[in-house]
Amino acid sequence: MKLSSKFSGFVLAFLCSSLTLAADKLSVVASFSVLGDITKELGGDKIALTTLVGPNQDSHVYSPTPFDVQTLAKSDVMVINGLSFEGWITRLEQSSGFKGLRVVASKGADIIEFNEEHHEEEHDDEEYEKNEHEKHQQSAAHKDQDEHSHGDQDPHAWHSLANIRVYINNISAALITADAANKDYYQVKRQAYLAKVDALGKRLAAKVATVPVAQRQVIISHDAFGYLGRDYHFSFLAPVGLNTQMKPSAADVALLIRQVKAQNIKALFVENVSDDRLIKQIGRETGAKLGGHLYSDALSAKNEPAATYLKMMEYNIDTLIDELQKVL
Amino acid sequence: MIDLVLSPFIEFEFMQRALFGCLLLSINGSLIGVFLLLKRMSLSGDAIAHAILPGAATGYFFAGLNVLAMSVGGLIAGVLVAFLSGITARKTNTSEDSALASYYLCSLALGVLIISMKGGSVDLLHVLFGSILALDNDTLYLLYFNSALCLLGFCCCYRFLVMDCSDSVFFKGLSKYSGYSHYLFLFLLVFNLVAGFHALGTLMAVGVTVLPAATAKYWSNRIEGMLLIAFVVAVVGALLGLLSSYYFRLPSSSAIVLWLGVFFLLSVLLGTQGGVLRLVERKAKLNEEIL
Numbered sequence: 002m003k004l005s006s007k008f009s010g011f012v013l014a015f016l017c018s019s020l021t022l023a024a025d026k027l028s029v030v031a032s033f034s035v036l037g038d039i040t041k042e043l044g045g046d047k048i049a050l051t052t053l054v055g056p057n058q059d060s061h062v063y064s065p066t067p068f069d070v071q072t073l074a075k076s077d078v079m080v081i082n083g084l085s086f087e088g089w090i091t092r093l094e095q096s097s098g099f100k101g102l103r104v105v106a107s108k109g110a111d112i113i114e115f116n117e118e119h120h121e122e123e124h125d126d127e128e129y130e131k132n133e134h135e136k137h138q139q140s141a142a143h144k145d146q147d148e149h150s151h152g153d154q155d156p157h158a159w160h161s162l163a164n165i166r167v168y169i170n171n172i173s174a175a176l177i178t179a180d181a182a183n184k185d186y187y188q189v190k191r192q193a194y195l196a197k198v199d200a201l202g203k204r205l206a207a208k209v210a211t212v213p214v215a216q217r218q219v220i221i222s223h224d225a226f227g228y229l230g231r232d233y234h235f236s237f238l239a240p241v242g243l244n245t246q247m248k249p250s251a252a253d254v255a256l257l258i259r260q261v262k263a264q265n266i267k268a269l270f271v272e273n274v275s276d277d278r279l280i281k282q283i284g285r286e287t288g289a290k291l292g293g294h295l296y297s298d299a300l301s302a303k304n305e306p307a308a309t310y311l312k313m314m315e316y317n318i319d320t321l322i323d324e325l326q327k328v329l
Numbered sequence: 107m108i109d110l111v112l113s114p115f116i117e118f119e120f121m122q123r124a125l126f127g128c129l130l131l132s133i134n135g136s137l138i139g140v141f142l143l144l145k146r147m148s149l150s151g152d153a154i155a156h157a158i159l160p161g162a163a164t165g166y167f168f169a170g171l172n173v174l175a176m177s178v179g180g181l182i183a184g185v186l187v188a189f190l191s192g193i194t195a196r197k198t199n200t201s202e203d204s205a206l207a208s209y210y211l212c213s214l215a216l217g218v219l220i221i222s223m224k225g226g227s228v229d230l231l232h233v234l235f236g237s238i239l240a241l242d243n244d245t246l247y248l249l250y251f252n253s254a255l256c257l258l259g260f261c262c263c264y265r266f267l268v269m270d271c272s273d274s275v276f277f278k279g280l281s282k283y284s285g286y287s288h289y290l291f292l293f294l295l296v297f298n299l300v301a302g303f304h305a306l307g308t309l310m311a312v313g314v315t316v317l318p319a320a321t322a323k324y325w326s327n328r329i330e331g332m333l334l335i336a337f338v339v340a341v342v343g344a345l346l347g348l349l350s351s352y353y354f355r356l357p358s359s360s361a362i363v364l365w366l367g368v369f370f371l372l373s374v375l376l377g378t379q380g381g382v383l384r385l386v387e388r389k390a391k392l393n394e395e396i397l
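Heads up: the sequence lines are chains W and L, in that order.
Under the working numbering, the first sequence is numbered contiguously, ending at residue 329.
Under the working numbering, the second sequence is numbered contiguously, ending at residue 397.
Quick look at the structure:
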């Protein structure tokens, strides 16, 4: 399998480079705004980029337009997240007759596996242990995963700066495969971006350290921050499960309210693509404060605070920590 | 036992709000549902749900997630569709249901067009249609207003509506007000549904309107009796639904509607007005008499 994919990679590279001679730029399609931004950073002005699901839009409920299908059909490289995040991509790929190179950006990243009820009643140390345990399990399991996994893995892997290094390497490698003539350019871009990621990582770690682990408890409208929780030992509680389409039951909401009261959680957050009425109700009932928007599945518009991936990570951590410091 | 029923409502404010919302919706739901049933328009609830989409979507884009703006937009679209189909059915050569079906399809298509032009893929249904578990003050005010309007409307025009439902041709010959009472009813229907969608979601709003009325028809052949039974059924169903959502982790709207469905099925079997059991009994009796 590895061999054949490599071989097809070479063939594609050959095909694509002949194509790009005509179009001058490598044409790349990214599935959603976060990948779009990363790809733009890595490809610079050597690629012509199209992002399917734009800023402030929900990838879970995206439906492709004819224009998207056309764009994909003509493109050389398609960047997707994988891990069942883009449920619609297989259909779109088939109907468009896409023949380019497909990159699963999360391939080889350190993925959170769901064992049942993963977001409930966990204490910090317990959670920490569980995460450590998960890490060991995953290092064996993650090697052969691709987007065909059946939703038992948390797809929001880009919320981990460690994982984003894997994303960067995957995407950059694909650009080089597809457009070998500009190899040096892509290498330079990759190094520069990795350096930015490292610098941000250091800054965020220092910022998070200002709030004790026991205080890092937050309610959020959509359970998309498992990776942020793992990396920085936050515990995120959400009334709706992982997916924006699930309907909460009265039992879920009641459980959450009890927990907020029992553990004296003070900070509530909503996410940019989901309905915030339920979170507001929980806030009214418990006296916890609404702390602001976090960005999870999509970047913000250009004039808002999370227009690029790095800005999003920075903004999320800043918002979380500032709010937690306020209520401490 | 009583403790099991009461404790969730005592402990949690959102449960109180949910029950209260259901109560308000049950009042007008049963009123409107019974008349819908009598006018043979029970399916129009679903049609209107789709018809309000372009208006509600337009409201959303101008004012964001604002109950008032979305409701006003939805109301305008819904009323437009209802009135157009009412006028078309009464004045030209088509029936109410086919007119409504045609107009709501156009309206739905327009709604999808607006959404895809401006917003892309924010889940508008998710945003537009609320959840019974998250009733905020604005939404509760909307429901109050809706109930008040509905009761007022029915108080003023109850006789006209009854006449119109039982024999509209006769009523047409008798009074020039027959058309107006029909349009008033359509307006109340749309208003009730729009308020219900934003507060509780489509499933709940239509379910609480249609199912209790259909159930009540099996137990009474008088309109007053049907209204009372429909109201009681709606409230009991809502209570049981909320409790099962609380104790068994079921999505609350589905739980409530399914309880109403259970009442309906039981009534189909056991109802004193044309239930299965009664029909079998009567047939047996008839056979006996013939022999």
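Beta carbons are placed, not taken as given, at the ideal position from N, Cα and C, and that holds for glycine.
Using alpha carbons as the reference points, say which of W/A179, W/L53, W/S161, W/L256 lies closest to W/A31. Residue W/L53 holds the alpha-carbon nearest to the alpha-carbon of W/A31 among W/A179, W/L53, W/S161, W/L256.
Suppose the cutoff is 8 Å on Cβ atoms and the five residues either side in sequence are ignored; what does the same chain contact list for W/E118 look like? Bear in mind that the predicted position of W/E118 carries a pLDDT of just 42, short of 50, making it unreliable; the figure below should be weighed with that in mind. Hits under 8 Å: none found.
For W/A252, go through chain L and note every residue whose CB falls closer than 9 Å to its CB, in chain order. S351, Y352, Y353, F354, R355, L356
Exposed or buried, L/M107, counting other C-beta atoms within 10 Å across all chains shown (16 or more means buried)? exposed
Neighbouring residues, chain W, relative to L/A162 (Cβ below 9 Å): The contacting residues do not exist; L/A162 stays about 14 Å from chain W at best.
Sequence-distant residues of its chain with Cβ nearer than 7 Å to W/G293 (five each side left out): F270, T320, E324
So for W/S150, helix, strand or coil by DSSP? Only weak support is given to the placement of W/S150: the predicted model assigns it a pLDDT of 38, under 50, and the question is left unresolved by the model.
Using beta-carbon positions only, say whether L/R388 and L/G377 come within less than 8 Å of one another. no
With a threshold of 6 Å on Cβ separation, who are the neighbours of W/Q146 within its own chain once the five nearest residues in sequence on each side are excluded? Model confidence at W/Q146 stands at a pLDDT of 37, short of 50, so the residue's coordinates are unreliable; what they give is reported in the following sentence. Excluding positions up to five away in sequence, the list is empty.
Please work out which residues of its chain come closer than 8 Å, Cβ to Cβ, to L/G279, disregarding the five sequence neighbours upstream and downstream, and give them in chain order. none
Does any C-beta atom of chain W lie closer than 8 Å to the C-beta of L/D242? yes
Below-8 Å beta-carbon distance, W/Q260 vs any chain L residue: Not one chain L Cβ lies under 8 Å of W/Q260.
If you measure between the beta carbons of W/A225 and W/S301, is that distance less than 8 Å? The answer is no: Cβ separation not under 8 Å.
With 8 Å set as the bound, which would you pick, yes or no: does the beta-carbon of W/T66 sit closer than that to a beta-carbon of chain L? yes
Burial state of L/C262 (16 or more Cβ within 10 Å): exposed
Inter-residue Cα distance where the pair is W/V189 and W/V209: 30 Å
Under 8 Å between C-beta atoms of L/S359 and L/L306: A distance below 8 Å separates the beta carbons of L/S359 and L/L306.
DSSP-derived helix/strand/coil call for W/G88: coil
Cβ-Cβ distance between W/L311 and W/L201 below 8 Å: yes
Rank W/I112, W/K184, W/A174 by C-alpha distance to the C-alpha of W/P156 and give the top, closest one. W/I112
Residue span of the beta strand (DSSP E) that contains W/I169, given as start and end: Taken as a continuous stretch (DSSP letters only), W/I169 belongs to no beta strand (DSSP E), being part of the alpha helix (DSSP H) at 162-179.
Indicate the three-state DSSP secondary structure (helix, strand or coil) for L/P357 in the structure shown. strand
Beta-carbon within less than 6 Å of L/S208's beta-carbon, same chain only, minus the 5 sequence neighbours each way: which residues are those? none
Where W/K334 sits in the DSSP three-state scheme: No statement about residue 334 of chain W is possible, as the shown extent of chain W runs from 2 to 329 and does not include it.
Please report the distance separating the alpha-carbon of W/E133 from that of W/V328. Only weak support exists for where W/E133 lies, its pLDDT of 41 falling under 50; the value from the coordinates is given anyway. Approximately 29 Å between the Cα atoms of the pair.
Using beta carbons (cut-off 8 Å, strictly below), is W/A158 in contact with chain L? no
Do the region 185-200 of chain L and the region 131-138 of chain L touch if we need at least three Cβ pairs shorter than 8 Å? no
Does the distance from the C-beta atom of W/I172 to that of W/T309 stay below 8 Å? no
DSSP three-state assignment for W/L22, whether helix, strand or coil: A caution first: W/L22 carries a pLDDT of 45, below 50, which makes its placement in the model too unreliable to give a value.
State the DSSP-derived secondary structure class of W/F33, mapped to helix, strand or coil. strand
Pull up the DSSP beta-bridge partners for W/M79, would you. Beta-bridge pairing links W/M79 to W/V30, W/R103.
In three-state DSSP terms, what is L/S284? If DSSP states are grouped into helix, strand and coil, L/S284 belongs with the helices.
Bridge partner(s) assigned by DSSP for W/T52: W/A31
Just the Cα atoms here: how many angstroms apart are W/V35 and L/V296? For the pair W/V35 and L/V296, the Cα-to-Cα distance works out to about 41 Å.
Report the neighbours of W/L36 on chain L: residues whose CB is nearer than 9 Å to its CB, in chain order. Simply none; closest approach about 15 Å.
Taking its Cβ as the centre, do 16 or more other Cβ atoms sit within 10 Å of L/C406, making it buried, or is it exposed? As shown, chain L starts at 107 and ends at 397. That puts residue 406 of chain L outside it, with no answer to give.
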